[in-house]
Amino acid sequence: MKAIIFTGLIGLSSSCWAVDVVVHPSNTAALDKNQIEQIFLGKLKTFNGAGKAV
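Going letter by letter, the sequence shown gives residues -18 to -1, 1 to 36 in mature numbering (1 follows the signal peptide of the UniProt record, and there is no 0).
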């Protein structure tokens, strides 16, 4: 029973992870949450008018 509870708690804790977005100070492109998600999913490869998203 303890193993089942422990496994459940571990599974729930993974949904609490956060992601920090770090950009160079000279980057002037503004991104919204949807664009950031698209970059992390690999669906967006460039910033709007600002070059390649690495």
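Don't be surprised by glycine CBs; every beta carbon is placed ideally from N, CA and C.
Nearest by alpha-carbon distance to residue i: which of the options is it?
i     : options            : result
A(-1) : E19, I(-14), K27   : E19
G14   : M(-18), A(-16), V3 : In the sequence on display, residue 14 carries Asp and not Gly. Nearest C-alpha to D14: V3.
Compute the Euclidean distance between the alpha carbons of residue i and residue j, then round it to the nearest angstrom.
i           : j   : result
residue 111 : Q17 : There is no way to answer for residue 111, as the model of the chain reaches only from -18 to 36.
I(-14)      : F29 : 44 Å
S8          : L23 : 24 Å
A(-16)      : V5  : 41 Å
M(-18)      : A12 : 49 Å
Terminal residues of the continuous alpha helix (DSSP H) containing residue i?
i   : result
K15 : 15 to 22
Apart from the five residues just before and just after residue i, which ones in its own chain have a Cβ nearer than 6 Å to its Cβ?
i   : result
I21 : A35
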